[in-house]
Structure formats: structure tokens, C-alpha cells
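Q:
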Amino acid sequence: MKILIVIFIGVLGAILGSFYACMGYRIPNKIPLSKPNSYCESCKKEIKWYMNIPIFSYLFLHGKCAYCKSKIDSLSFIVEVLTSFLFIVFYLKYGFSITFFISLVLISVLGVTMVSDFRYYYVSDRVVILGLISLIVLVYFEKNFMFYKIISGIVMFLLMFLIKIIGDKSFKRESLGGGDVKLLGLIGLALGFYPTLISLVISCSMTLVYYFLSKQDEKEIPFGPFLLIGALLVLYFIPNFNFI
Ligand SMILES: [Zn+2]
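Here the numbering used here is used: the sequence shown runs in plain steps of one and ends on residue 817.
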């Protein structure tokens, strides 16, 4: 029975991952989510449903458009695989618990943000707000930690906002995106104060490694995905993360 649930959660993760990646491309470009149907970026031909099956279509088509053979962005494939994988991994660790559902919210925001931030340096307000609302509902059921987590979210947001203002003043340009500040509020609400600080250290380290590996000199660095990956690592590897 459990294997059936795992398969179901994995398939759900892949389908939602595909949807999140689509959101990640469309929201920054102001394309409505409802229509048009998916189409190839270069030849503009509509992608038939059987060529749009998460994970498998990309492998089957060898990452190329079926009509014009131009390369399909592998990032959506990565998001589909990662979302499916993380859904399963967190289910196996936490079962159907509040912690599992909190992880689903973070994974979902990660799916959209990975595409929008890596491709367009954009973190969607709407997605962060949807995440915040879902988390407030979930945190409500963690009675003992509800106030601690809500305060943590607000404090993290204000703290990052302060760092941003100081950073902007000292570097005379935008040091930290507004989206990143809001994401930290979201993570503070999901994890609580101290775990969020730990996740912030992990995220900054990953961002530094990415910076040196990608050798982008003066360009913006997408920080959002790393913030969320750091939070998910803490949520997974520090089981008693509800400490004060
Ligand atoms: Zn094409």
C-alpha cells in the first residue's frame, strides 16, 4: 500500500513540477496561466498533450522540440524531477504530517522560483503570498509553535529588510532583491527563527559556490532558489527544528 502512495506522490510531484515551471516562465513574461497551451519557444507550434508528459517527454524527445528540433530548456525538466523527488523524500521522512505539508509549500515555491529567478531574476509576489497564506493555515495546527513561528516570520522579514537598506546604501545599488526579503519572511514562518538563521548560512554558502563556479562578474545572482534549498535542507536534516 505504501508503495502505491509513494508512486502517487511522485507522479503528483512531477505534474505539479511541470505546472510550477510553466508558472516560472509565464509570470515574469505576463503570459496568462490559462492560455495559450504550451508551445515551442522557437517554432511557436503548439505542443500536443502526449509530448507534454512531465519528465518522460523530455527524455523521449531527447530534450528537443518534435517539430523544429531546437533545444528545450532543461530547467523545466530539472524542476519536474526535483519536485517529484523532494515530494517523495519528505513523505518518506515525515508521512502525512504538518511538517510534510510545510515542506510541500516550500518545494512548490522553489519550483516556480527556480525558473523565474534563474531565467529572469524575478521572484513572484503572488507566489510568495500564496505560500504565506498556506503556511499560516498549517502553522495554526501546530498550536504550541504558532506564535513563535508567526513572530519569527515577521522578525526575519524585518531583519532582512534592514540588511537590504544598509546594503543598498553602502553599495549604492540594489544589494538584495525585495523578493528575497519576502522569501526570508516565508522561511521564518515555516521553520522558526533559529533554524532560519542556520538555513541562511547554508544558503549564503551555496550562493557563494555558485557565484565562483558560474564566474558571473557584475551580474545579479539568483538568491531565491538557494534560500529555499537551504530551508528544505534544515527541515529535512534537523528533525527537531521546532526549538526556540
Ligand atoms: Zn519547435
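No residue lacks a Cβ here, since even glycine has one placed at the ideal position from N, Cα and C.
1. Under 7 Å: does the beta carbon of TYR631 sit that close to some heavy atom of ligand 1?
2. Sorted by chain position, which residues of the same chain lie with C-beta nearer than 8 Å to ILE817's C-beta, five sequence neighbours on each side aside?
3. Is the stretch 659-677 in contact with the stretch 775-784, if contact means three or more CB pairs nearer than 8 Å?
4. Taking only the alpha-carbon atoms, compute the straight-line gap between PHE796 and GLY750 and give it to the nearest angstrom.
5. What I want to know is whether the C-beta of SER649 ends up closer than 7 Å to one or more non-hydrogen atoms of ligand 1.
6. Would you kindly check if the distance between the Cβ of VAL712 and the Cβ of PHE718 is under 8 Å?
7. Near ligand 1, which residues have their beta-carbon less than 7 Å from any of its heavy atoms, given in chain order?
8. Alpha helix (DSSP H) containing ASP646: first to last residue?
9. I need the straight-line Cα distance from GLU653 to SER591, nearest angstrom please.
10. Tell me, please, whether the stretch 604-618 touches the stretch 691-709 by the rule of three or more beta-carbon pairs shorter than 8 Å.
11. Enumerate in chain order the residues of its own chain whose CB-to-CB distance from MET596 is below 6 Å, with the five nearest sequence positions on each side excluded.
12. Give me whichever residues DSSP pairs with GLU619 in a beta bridge.
13. Near ASN625, what residues of its chain come up, given a Cβ to Cβ distance below 8 Å and the 5 sequence neighbours on each side ignored?
14. Within this structure, are the beta carbons of ILE628 and PHE650 separated by less than 8 Å?
15. Measuring only the C-alpha atoms, how far is LYS716 from SER748?
16. Are ALA763 and LEU679 close, meaning C-beta to C-beta below 8 Å?
17. What do you reckon, are the CB atoms on VAL696 and SER707 nearer than 8 Å?
18. Go to TYR695, then tell me how far its alpha helix (DSSP H) extends in each direction, as first and last residue.
19. Quick one: Cα of SER657 to Cα of ARG692, how far?
20. What do you get for MET574, buried or exposed, if any count of 16 or more other CB atoms within 10 angstroms of its CB means buried?
21. Where does ALA804 land, buried or exposed, given buried means 16+ other C-beta within 10 angstroms?
A: Looking at the coordinates:
1. Remark: the shortest separation between the CB of TYR631 and any heavy atom of ligand 1 does not fall under 7 Å.
2. No answer about ILE817 holds up, because its pLDDT of 48 lies below 50 and its placement is not dependable.
3. Output reads no: the stretch 775-784 does not touch the stretch 659-677.
4. So the alpha carbons of these two residues sit roughly 8 Å apart.
5. Set against 7 Å, the gap from the CB of SER649 to the closest heavy atom of ligand 1 is not smaller.
6. Between PHE718 and VAL712, the C-beta spacing is below 8 Å.
7. Here the residues come out as CYS613, SER615, CYS616, LYS618, CYS638, TYR640, CYS641 and SER643.
8. DSSP places ASP646 outside any alpha helix (DSSP H), giving it a letter other than H or E.
9. Using only the alpha carbons, I get a separation of about 5 Å.
10. No, the stretch 604-618 is not in contact with the stretch 691-709.
11. If we look at MET596 and ignore the five residues flanking it on each side, its Cβ neighbours are VAL685.
12. Paired residue(s): TYR612.
13. Excluding the 5 residues flanking it on each side, ASN625 has same chain C-beta neighbours closer than 8 Å at SER591 and SER611, in chain order.
14. Yes.
15. The alpha-carbon separation between LYS716 and SER748 amounts to approximately 37 Å.
16. Contact flag set, yes.
17. Cβ atoms of VAL696 and SER707: not closer than 8 Å.
18. Counting along the chain, TYR695 sits inside no alpha helix (DSSP H), nor does DSSP assign it H or E at all.
19. Cα to Cα, the separation comes out at about 21 Å.
20. MET574 comes out exposed.
21. Buried, because 16 or more other Cβ atoms sit within 10 Å of the Cβ of ALA804.
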